Structures are given as C-alpha cells and as structure tokens.
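**Student:** Before we start, here is the structure in question, set down as structure tokens.
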Amino acid sequence: MGKKQFKTEVSDLLNLIIHSLYSNREIFLRELISNASDAIDKLKYLSLSDEKLKGFSFEPCINISFDEKAKTLTISDNGIGMSEDELNENLGTIASSGTKKFLQALGDDARKNSNLIGQFGVGFYSAFMVADKVTVVSRKAGEDKAFRWESEGKSTYTVSEAERASQGSDIILHLNSDGEDYANRWQLETLIKKYSDHIAYPIYLEYDQEHYKDEKDSEGNPIKEVEHKREQINSASALWTRPKSSIKDEEYKDFYKNNYSDSEDPLFYIHTHAEGATEYTTLFYIPAKAPFDMYYADYRPGVKLYVKRVYITDDDKELLPVWLRFVRGVIDSEDLPLNVSREILQENRIMSAIRNGSVKKLLGEFKKIADNNPELYAKFIEQYNRPLKEGLYSDYANREALLELVRYKSSEVEGYTSLASYKERMKEGQSAIYYISGGKEEILRNSPLLASYKEKGYEVLIMDDDIDDIVTEMVHEYKELPFKAINRTGATSDLDKDKGEKSEEVKKSESELADKLKKALGDRVKDVIVSDRLASDSAGAIVMDENDPSMQMQRLLKQMGGGEMAEVKPILEVNPANSLMRKIADSSDDDYVARLASIVLDEAYIAEGIMPKDPASFVREVTKLLG
Ligand code: ADP
Ligand code: MG
C-alpha cells in the first residue's frame, strides 16, 4: 500500500480547515451524518432502479459509537459504500470544483465560518477539525472487497484492503485535543438532536451504561454492571409529510438550516400539499442570501425529489426552471413510479405537472409578499431580482407574472419601483416606458440625455443590470406600453409633442451642421443627429439606432459564439445650442472642424464610461486646444 498525494486543492483545504476554521467545530457531525444519509439514499434508489442491485434489501440505519479511552468516534452507515477507485476519487480529490470556490468564497474575513463548509460539497474534510487521523472502512454494495482509506490530514493518504461484513462505510475519527470531548454520550445526543433530527433514517447511539445490580457482593457492597445500549436518537420523520398546522415555525427553520447547511434563517418558506389530477407535497425555502454558486454554470440544484418519501435525486436541474435555481427544498410525489429514472423524469407528464404547479405556487407567493410585506420583498429583490429577470426572457409562459415581480431603479423614486407603479405615475398620454441602460448607475443617472425627460416629467428607469437590455429586447412591452431606451433613437415622440414646427431656416442650419460633422467623422459613426433633448452644457451624446442590437446584446452574441460580427457603429446626437457646436457651425476651416468633431465624439464615449478609440490622440488634441 503506497502513500498517495492529495490533489493540491485538497491539501490547501485541509490546511485551512485545521488551522483556521474553528468557530463551530461541532458541525463535523452533521456533515458526516448527512453523508451517511446520502449514501443510504443512493443505495435505496439503486435498489429500485439499477439492474444489478434491484431488489437489494436492507434496513437503513446510521450508527454512532465511541470509545472514551481510545478517543475514537465512529459513524457507520449501511448505504452504498465506496469502491477503491471511489475512495481515491471522492476523498482524495475534489470532483466538483467546490473546494476552490469554497476557498475563494471564504476569503480572509470568513475564514472562521466553518458553517459554510457543507454548502461547497467539502463536508467530509470537516472531520479534520476534530481528528488528527481519519480512517474510512468501506465496502461498496454488490462487491465483496472492502477498503481502508486513512489520512492524517496532511498531504498524503493511504488506501489498502480491509474487511467489512456488509455494504456501507465506517468513518472512524481519532479525536485530537480539540475533539476529545465529543467521545461522550451527552454531547453526541445533543448534537444529533440539534442538527440531524430530521434525517429520514434512524440514527442510533451506542453507549455503555453502568448501574448497580440488586444483589450485593460477599462484603455487602453493591455490584456494578456495565450494560451496552443502543438507542435511536432522532425522530426520523420527514417534516414535509406532517400537516402544516402541526409544524412550528422553529421546526421549519431548523429543518432548513440543518438540511441545507445554512446558518441563517430562510427569508420565507412555502409548504404545499396539492391534490387533484396529481398529488404531491412541496416544501420550498428561499435562502436569506443567494447561494454562492447561483451564477456558476455548474451550480448545485437545491431541490430534492422524493417519491412516496423515498429519495430519488438531488441532482436534477430540471425539477424547477433554471431561473428558480436559488430555491431550496423538497418535492415529494405520490404518483410517480418509484423506479423512475432521471432520464425519464424529463419527459414525464406527472413531473411536468408538478413543475408547473410548483412554479405557479412560488410566483403566487412572491406576489403576495410583494403586495403585503414590502420590507421582506425588498430583501428578496436584493438577492433575486436578477434571476427573476432571467425568467422574463427564458420562461415565456410566466412572463406576465414575472413582469409584476421585477423591480427597477428610477430617475424619480428612491430604491426600486415596479412596472405597475411606474405606469401609475406616468404622464397623461405618455406613449412608452422610458429607460436608460448600458452602464453603471452613476453614469446612467448623469447622462446628458436624461435631463430633458426629467424636466418634462417623464420618469426614466435606470437599468444598470447587464441583462436589462436583453430582457427589454425580448419582452418589448408591459401592458401594451413599449419599452424605449432614451439612449437609442426613436424615443423622442413624447418630448416633441408640444413643439411647433421648426422654421425652414432652422431646419437648414441643422442639416448643414449634421452634414459637416458626418463629413468630419466619416466612418467612425453611423449617423449624426441634431436634437434639442440634450442637457445645455453637453455638446453631444452617443445613441444607438433603435433597430441595431444594444451594446450588451452585441457583447452577449459575441460570447455565445457570434464570431466576427460587423461592429455596429453609434450615432452621434448633438446639441446645436451648445457653444462648441456653434463654433463648428460657424467655422469654415475643415481641419479645425475635424479636430473639434473628434473631441466631441470622444467626450461622448467618455461620458458613457467607454474609452475613446485613440485616447492618446484625444488627450493631445484637448491639450492643444486648451493651451
Ligand atoms: P458532498 O457530500 O457535498 O458531496 P463531502 O465532502 O461531504 O461532499 O463528501 C465527498 C464525497 O465522498 C461524497 O460526495 C460521497 O461520494 C463520498 N462519501 C462521503 N461519505 C460517504 C459515505 N458515508 N458513504 C459513501 N460515500 C461517501
Ligand atoms: Mg457531504
């Protein structure tokens, strides 16, 4: 048996666990019990669906024993077990990229927050917070060889052949000085009750109990006897199967915290029993903080599927639409066949009914909170506005409902506004919902385009989220009101409403100015427009043609492999009343006009937070003019 090297990530993690994470050591037990429960779940599932293991019968249980003198603690299960390869793979490397993200997310501040550990799929290693050596003896179901994995949590581990009577795993902790107190009946009982009461399988604790016999010895002293006992500690009932009225708020919250490795209470939860064409129970939780991996492609789905209380899978991204990936909880169906395979699930009619029903329920609950509990809804929006927006373009069937749920910043109100209240505040006869998008909030709020809308009483939504443009482009309208970006063409009809016709003379001078600038800027712009909607101290601003894709859309298309897309050029919109524009209009020096025009264009880019194409020459020109 040779020594094997941990993958670097594992070594880093172990180092961190042993030296830095110590605020809440006791969670190691929760993590190991949760692994034991997962292992039993897996075997149960395979005994229903796998060719080789079909009909495999066993009495699921988790067993905890300890030796106070030897300072060992053993967590045993009769679940799926691990083969030699799996011991190497699951305990010697990190299959998911969990560890790296865990290390990143912890950063320096959060170093001591060992509570996070389970969320990242690295729970097993928490054993090293309390042990200086961990031995795992495991036998995979359906195989006859067992193997022993052993490590001191430094940089190596060993794997060798071992004996085990039947399938399952023993995790044996050789407790260190920080952990030796855990080899104690009362400690263990308290921890199991606290963290693992809702584990669906019985958790037994073995202990020795001394008591005095009724008889006395020859000298008349009482005789002590040691009795070995084994007692179930958890209540092992699936919380969601109990009637709502019998469950306390605390129980709901504990169930969440203990099953989803979160130290914070959820924002809210929804427990539903649906009857009718399909019968199922759902218990959904909305975490207080968005899951750390919400924006990773390989995020872990948070909803587990059960059929008649038998666990089926926790790794199905199809149980809810992707935009609801932050939801945690349980779906338990009465109608699905127990041997349903994960592949079949996707096309299953019952499953899609459950899915649709669940989405409707969640949307309904979100709306209720939005209407009745603005404080809570604000917290919800702070975390989940963005996935709701994703739903707007990916979930056509629920678009109407989602339009009532998303929130936007605005030129007129503090914080966030709904589209419905925007509509209520609209001016009489207003023809569109105006917004500005394509950059950071401060930049958008300071846009020279915004002033004239504000002045005339048109509220403008500040859409600073990088998917906002894509959403408005897909969704087009809210209650028949089109979304119109003020930094694109075609958004001035309301502004122009009460204006009289321009005189021929003005028209002529404007078109001359535009021609002059077009000639000066050549192919750097798509067009030049003269308008009177810019702030008076602004010479020009960049706008996009309303028929061209937005900058963000272009970026996205590129990322999605759009390849060599022709660059879409901006339109320069200028303010003829600005003194710089008047200089251009009045000058007949082509070279001078070209230099000023170039500065105006570059300044317009800068106002958008975009670097001019040739910053050095811009600086040179400005310096020359000022000097
Ligand atoms: P996670 O449980 O989130 O996957 P862990 O670090 O807790 O991450 O465990 C790593 C892996 O080790 C598990 O995914 C599982 O494959 C394996 N494992 C751990 N404990 C057991 C066990 N008692 N029985 C079978 N496999 C186990
Ligand atoms: Mg785990």
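Just so we're aligned, residue 790 is where the sequence shown starts under the working numbering, counting upward by one. A virtual CB, placed ideally from N, CA and C, is assigned to each residue, including glycine. Since we're looking at a predicted model, the values are computed, not measured.
Hey, would you say the C-beta of S823 is under 6 angstroms away from at least one heavy atom of ligand 2?
**Tutor:** Yes, since a heavy atom of ligand 2 falls inside the 6 angstroms radius drawn around the Cβ of S823.
**Student:** Quick one: which unbroken alpha helix (DSSP H) runs of 4-plus residues sit fully inside the stretch 1360-1415? Chain order, please.
**Tutor:** DSSP runs (the alpha helix (DSSP H)) wholly in the stretch 1360-1415: 1368-1375, 1379-1396 and 1404-1415.
**Student:** Beta carbon of G912: closer than 6 angstroms to some heavy atom of ligand 2?
**Tutor:** At least one heavy atom of ligand 2 is nearer than 6 angstroms to the Cβ of G912, so yes.
**Student:** Is M871 near ligand 1, judged by its Cβ being under 6 angstroms from some heavy atom?
**Tutor:** M871 Cβ: within cutoff of ligand 1.
**Student:** How big is the Cα-Cα spacing for N1174 and D1253?
**Tutor:** So the alpha carbons of these two residues sit roughly 12 angstroms apart.
**Student:** Under 8 angstroms, with one C-beta from each stretch per pair, do the stretch 951-959 and the stretch 862-871 reach the 3-pair mark?
**Tutor:** Short answer: they touch.
**Student:** Please list the segments of the alpha helix (DSSP H) lying wholly inside the stretch 1003-1052, counting only runs of 4 or more residues, in order along the chain.
**Tutor:** Listed in chain order, they are 1038-1048.
**Student:** Within the same chain, show all residues whose beta-carbon is closer than 8 angstroms to that of L1250, passing over the 5 residues directly before and after it, in chain order.
**Tutor:** Within the same chain, L1250 has close Cβ partners Y1197, K1198, S1199, S1200, T1206, Y1211, I1222, Y1223, Y1224 and I1225.
**Student:** Any heavy atom of ligand 1 closer than 6 angstroms to the beta-carbon of S958?
**Tutor:** Yes.
**Student:** Is there a Cβ of chain C sitting closer than 7 angstroms to that of S872, yes or no?
**Tutor:** No chain C is present in this structure, which holds just one protein chain.
**Student:** Does the distance from the C-beta atom of V1116 to that of F1081 stay below 7 angstroms?
**Tutor:** The answer is no: Cβ separation not under 7 angstroms.
**Student:** Could you give the distance in angstroms between the alpha-carbon of A884 and the alpha-carbon of G1146?
**Tutor:** Because the pLDDT of A884 is 44, which lies under 50, any placement of that residue in the model is unreliable, and the question is left without a value.
**Student:** What does the alpha-carbon distance come out to for the pair L1165 and L880?
**Tutor:** So the alpha carbons of these two residues sit roughly 41 angstroms apart.
**Student:** Are at least three pairs of beta-carbons, each pair with one atom in the stretch 1308-1317 and one in the stretch 1279-1293, less than 8 angstroms apart?
**Tutor:** Counting Cβ pairs under 8 angstroms, fewer than three are found: no touch.
**Student:** Looking at the structure shown, is V1264 part of a helix, part of a strand, or coil, going by DSSP?
**Tutor:** Three-state DSSP puts V1264 in a helix.
**Student:** How many angstroms separate the CA atom of V1099 from the CA atom of D830?
**Tutor:** Looking at the two C-alpha atoms, the distance is approximately 8 angstroms.
**Student:** Using a Cβ-Cβ cut-off of 6 angstroms (strictly less than) and excluding sequence neighbours within five positions of N852, which residues of its own chain qualify?
**Tutor:** Excluding positions up to five away in sequence, the list reads S865 and Y993.
**Student:** By Cβ distance, which residues of its chain are closer than 8 angstroms to Y1095, with the 5 residues on each side in sequence left out?
**Tutor:** Result list for Y1095: A1027, I1101, V1119, I1120, D1121 and S1122, in chain order.
**Student:** Along the chain, where does the beta strand (DSSP E) containing Y1223 start, and where does it finish?
**Tutor:** Here the beta strand (DSSP E) through Y1223 covers I1222 to S1226.
**Student:** Where does S800 fall in DSSP's three states?
**Tutor:** Of the three classes helix, strand and coil, the one that applies to S800 here is helix, per DSSP.
**Student:** Does the stretch 998-1010 come within contact of the stretch 833-845, defined as at least 3 CB pairs closer than 8 angstroms?
**Tutor:** Touching, no, given that fewer than three Cβ pairs across the two stretches are closer than 8 angstroms.
**Student:** By Cβ distance below 7 angstroms, which residues in the same chain neighbour K792 in space, the five residues on each side in sequence not counted?
**Tutor:** Within the same chain, K792 has close Cβ partners T945 and T947.
**Student:** Buried or exposed: S1035, going by 16 or more other Cβ atoms within 10 Å of its Cβ?
**Tutor:** Label assigned to S1035: exposed.
**Student:** Mind checking who P1271 pairs with in its DSSP beta bridge?
**Tutor:** BP columns for P1271 point to E1266.
**Student:** Which residue or residues does DSSP assign as beta-bridge partners of K922?
**Tutor:** Bridge partners of K922: H963.
**Student:** Would you list the one or two residues that DSSP bridges to A951?
**Tutor:** Answer is A935, bridged to A951.
**Student:** Please work out which residues of its chain come closer than 6 angstroms, Cβ to Cβ, to K1093, disregarding the five sequence neighbours upstream and downstream, and give them in chain order.
**Tutor:** These residues qualify, in order along the chain: D1103 and V1119.
**Student:** What does the alpha-carbon distance come out to for the pair F845 and G931?
**Tutor:** Going by the C-alpha atoms only, they are around 9 angstroms apart.
**Student:** In the DSSP assignment, find the alpha helix (DSSP H) that holds M1140 and state where it starts and stops.
**Tutor:** R1138 to N1161 is the span of the alpha helix (DSSP H), which, as asked, contains M1140.
**Student:** Identify the continuous beta strand (DSSP E) that holds N1235 and give its terminal residues.
**Tutor:** Here N1235 belongs to no beta strand (DSSP E), and DSSP marks it neither H nor E.
**Student:** On the CB-based measure, 16 or more other CB atoms within 10 Å of its CB, does L802 come out buried or exposed?
**Tutor:** It is buried - the Cβ of L802 has at least 16 other Cβ atoms within 10 Å.
**Student:** What are the boundary residues of the alpha helix (DSSP H) that includes V1295?
**Tutor:** Unbroken alpha helix (DSSP H) run through V1295: E1293 to L1310.
**Student:** Output needed for Y914: all residues of its chain with C-beta closer than 7 angstroms, excluding positions within five of it in sequence on either side, in chain order.
**Tutor:** These residues qualify, in order along the chain: L802, L803 and I806.
**Student:** Would you mind sorting K860 into buried or exposed? The rule is 16 or more other CB atoms within 10 Å of its CB.
**Tutor:** Under this definition K860 is a buried residue.
**Student:** Which residues in the same chain have their Cβ closer than 7 angstroms to the Cβ of A1422, if we skip the five residues on either side of it in sequence?
**Tutor:** Past the edges of the chain, shown from 790 to 1416, lies residue 1422, and the structure says nothing about it.
**Student:** Which first and last residues belong to the alpha helix (DSSP H) in which L832 is found?
**Tutor:** Note, L832: alpha helix (DSSP H), I816 to S838.
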